[in-house]
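Before any comments, here is the structure.
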Amino acid sequence: MLRPVLSLLGTVFSLITLAVLIVGLSIGAVLHIYGKDLPSHESLANYTPPTISRIYSAEGRIIDEFARERRLFTPAEEIPDLVKQAFISAEDKNFYSHHGYDAMGIASALYEAVKSRGRNVRGASTITQQVMKNFLLSGDRQMERKIKEIILATRIEETLSKEKILELYLNEIFLGQNSYGVTAAAQTYFNKGLRELAPHEAAMLASMPKAPSDYHPVREKERLLARRNFVLREMWENGYLDQATYLAEREMPLRSVQNGDFEPFSAELPPRDYFTDEIRRQLSGIYGEGEFFTGGLTVRATIDPEMQAHAARALRRQLEAYDRGRGRWRGTGEALPEEVLGSEADWQAALAALDVPRDIELDGTWYPAVVLDIGDQALRVGIEGVEGTHAVPRDDIKWLRGDFQANFARGEVVHVRRVLKEDGSLSHWSLRQVPEVQGAFMAMDVNTGRVIAMQGGFSYQHSVFNRATQALRQPGSSFKPFVYAAALDSGYSPATIVVDAPIEINTPQGLWRPRNSSNKFYGPTPLRTGIEQSRNLMTIRLAQEVGMDVVARYAERFGVYEDMGQFLANSLGSEETTLFNMVAAYAMFANGGERVRPSLVDRVQDRYGRTVYRQDTRDCVDCRDPALPAGLGPRIVSDRERVMNAVTAYQLTSMLKGVVDRGTASGVIDLPVPVAGKTGTTNDARDVWFVGFTSNI
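If you read the sequence shown in numbering that gives the first Met the number 0, its first letter stands for residue 0, the second for the next number, and so on.
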């Protein structure tokens, strides 16, 4: 009787043993097959995530940032426990106890899937597995990828600490709104640092990893609120929050930047302008676009924000004055369809969606607006972000030629700005338009080459083309100082007489008879008078006598051109160059004839704080000398190359000061400090220049 029972038990035991052996061999085979060609996980130990590159002004204020993925890397030790606990509660409550995968979690997920017949399939990935998926594997939900996740997760747990794994996860994870990592997300949703977050805010961030688009703080507010409260409950049940805190935090409203509860971080940044975009262009050329947009560079710009604001305002005011003097209305070229004009909500939304400039500050902010009605004495407009409709009086548009009503159309998009009374209250709204004629401005320290202000056009958002650095234009008579510099270095003096008389020059295109702008000839004239009055014929004769090869070498030495054509017409500035080159060249007149290299950047540091570029390369001889006697400062040795005789620089500066005091610039330059410089005008005034300098700018 006992023997059959024992035999049966032995058979069952043998079958179980065999089954266990088969399962074990199968698992071993699976792990061998899928584990042999897996990517190396060791690189994660030296992980350097793509992070934001930021540009700072001289006083340390952030003025722009560039990134493909908006991420601010934060080491694990600087991430508050509250944030870590929120994500662990939401994603992997057994994180600190498992070895890469959670067997109970996998079993529970399988049970739910079978129980629901496939309708309730949920992930069971640990934080470690998610790190593997984000860094080393594809994102599909295939069984093969899950097996690879588990294998890699167990390997990485043997290599990295839990804190390092959590650091990788919290810095890499996508949390919506182009925010990668918890630090960037805290800025994006709350405009706060991580240490400023309340438990309900940390729980809201921890709600995002499942599917950020499904938990939008405005469109999916109720769903996000439910998920946030679930995370808070998990934090309480896991012992991270006491009951009183949990109950209080659960009642907090869902607040975010997107819902209008906080000012966005971007509002603290000035609008992108020509200066920071030129830094982007130059550094991308040096380090490559990939490194600039993902390398976490810290860039200290040379810009003086106050002077930059003055420069932009001065350029805009003069361009607008010239444009209004022509009396032509062009508008923005944009219009809203008739069907949205009947509802304020509709035309406000349509205006907000338009790509029109919003970065113009000139006697107040310029706002996009839509023409709703054209009356006899006023335009009735709707203004972006301003409630109701408002009138632009006809008297405000007296500068406009032609029939008042014929110039406008209902639905046309325009710009307007406030006009205030003396007491600061609103007088009326004024019609504005972006000028057709463009210009540029640049100011540079003549001794260091630091560019302290640069405006490349009327509005960066209207046109990103930088006319200070990218526009090749004929400098006209502003090039003449280089002809005179060549002459002074060749033995001429400011008092040397040159005949101002007609001249004929044979060219391949025929006989060229240049003229003075006045169409007059003045006979024998000193060089000083010739440059003050910008005499073309004297300049050509001087170039002939000195030799165009010598003039060209001077222009190339000063950086105006790389390879100047040796044609007499070029002595009058007919060959194109940039404002950037001209300002840098004139700076060498001002500083006594030493080379300076214009720079928009003082210093560049990499993500680790190491300096990789410094604009000032001068040597501080005694800076590291511990035996430096008391009262003596260290010696800073100049490394600048001399490009011009100091006496010649002094003579030329004196002559250019005469241009401002008595010559062609006397009617347009009125500053309380001594100024030297030169005007330039090309044929038909297509280009009009003034390049000048004081003792330091």
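Ideal Cβ positions, reconstructed from N, Cα and C, are used throughout, including at glycine.
Looking at C-beta atoms only, is the number of pairs between the segment 238–253 and the segment 195–208 that lie closer than 8 Å three or more? yes
For L400 and R327, which I take to be in contact (beta-carbon distance under 8 Å), what is that distance rounded to the nearest angstrom? Looking at the sequence provided, one finds Arg at residue 400 rather than Leu. Yes, they are in contact, since the Cβ atoms of R400 and R327 sit about 7 Å apart, within 8 Å.
I need the straight-line Cα distance from F457 to F464, nearest angstrom please. Going by C-alpha positions, F457 is about 11 Å away from F464.
Any idea if H98 is buried or exposed, counting beta-carbon neighbours within 10 angstroms, 16 or more meaning buried? exposed
For G509, does the three-state DSSP call read helix, strand or coil? Looking at G509 - three-state DSSP - the assignment turns out to be strand.
For the 8 Å Cβ check, are there 3 or more pairs between the segment 400–418 and the segment 426–435? yes
Check this for me: beta carbons of M581 and I451, under 7 Å apart or not? no
If you drop the 5 nearest sequence neighbours on each side, which residues of the same chain put their C-beta closer than 7 Å to that of V355? T331, E333, P367 and V412
Identify, in the order they occur along the chain, each residue of the same chain with its Cβ nearer than 7 Å to the Cβ of P48, setting aside the five sequence neighbours on each side. R70, F72, N170 and E171
The beta strand (DSSP E) spanning H414 covers which residue range? V412 to L419
Quick one: Cα of R280 to Cα of F291, how far? 10 Å
Taking the alpha carbon of F557 as the point to measure from, which residue in A589, S573, V545 and R527 has its own alpha carbon closest? A589
Please name the residue in A494, P513 and M547 whose C-alpha comes closest to that of P523. Taking only the C-alpha atoms, the option nearest P523 is A494.
Straight-line CA distance for T293 to T158? The alpha-carbon separation between T293 and T158 amounts to approximately 26 Å.
Cutoff 8 Å; reference T50; Cβ partners in own chain excluding five residues on either side: A66, R70, L71, F72, T293, G294, G295 and R606
Could you give the distance in angstroms between the alpha-carbon of V600 and the alpha-carbon of T447? 12 Å
Cβ-based neighbour list, W398, same chain, cut-off 7 Å, excluding 5 preceding and 5 following: R323 and G326
Measuring CB to CB, does F189 end up less than 7 Å from F86? Remark: C-beta atoms of F189 and F86 do not approach each other more closely than 7 Å.
Pairs of beta-carbons, one from the segment 643–659 and one from the segment 509–525, closer than 8 Å: are there three or more? no
The alpha helix (DSSP H) enclosing M587, as first and last residue numbers: L578 to A589
For D698, count neighbouring Cβ atoms within 10 angstroms of its own Cβ and tell me buried if that reaches 16, exposed if not. Since the first and last residues shown for the chain are 0 and 696, residue 698 lies out of range.
Return the first residue and the last residue of the beta strand (DSSP E) that Q404 is part of. Per DSSP, Q404 belongs to no beta strand (DSSP E) and is neither H nor E.
V497 by DSSP, collapsed to three states: which one? strand
Between the alpha carbons of I126 and L204, how many angstroms are there, rounded? If you draw a straight line from the Cα of I126 to the Cα of L204, it is about 15 Å long.
In this structure, how does DSSP classify V687 when only helix, strand and coil are distinguished? strand
Below 8 Å, how does it come out for the segment 387–394 and the segment 308–317: are there three or more Cβ pairs, yes or no? no
Can you check the segment 272–319 for any alpha helix (DSSP H) of at least 4 residues that lies completely inside it and give the ranges in chain order? 273–286 and 288–293
Around the C-beta of N695, are 16 or more other C-beta atoms found within 10 angstroms, so that it is buried, or is it exposed? exposed
What's the C-alpha gap between P270 and E360? 11 Å
M453 by DSSP, collapsed to three states: which one? strand
Give me, in chain order, the residues of the same chain whose beta-carbon lies closer than 8 Å to that of R641; leave out the 5 immediate sequence neighbours on both sides. G592, E593 and R594
Would Y273 and Y55 qualify as a contact pair, given that the criterion is a beta-carbon distance under 7 Å? Taking 7 Å as the Cβ cut-off, Y273 and Y55 do not qualify as a contacting pair.
Helix, strand or coil for P38? Go by DSSP, reduced to three states. With a pLDDT of 47 at P38, under the threshold of 50, the modelled position of that residue is not reliable, and no figure is offered here.
Assuming L268 and D80 make a contact with CB atoms under 8 Å, what is their CB distance in whole Å? Between D80 and L268 the Cβ distance is about 31 Å, and since that is not below 8 Å, they are no contact.
Going by the DSSP bridge assignment, what does M441 pair with across the sheet? In the DSSP output, where bridge partners are listed per residue, M441 has M453.
Tell me the DSSP secondary structure of Q713 in three-state form. Nothing can be reported for residue 713: it is not among the residues displayed for the chain, which extend from 0 to 696.
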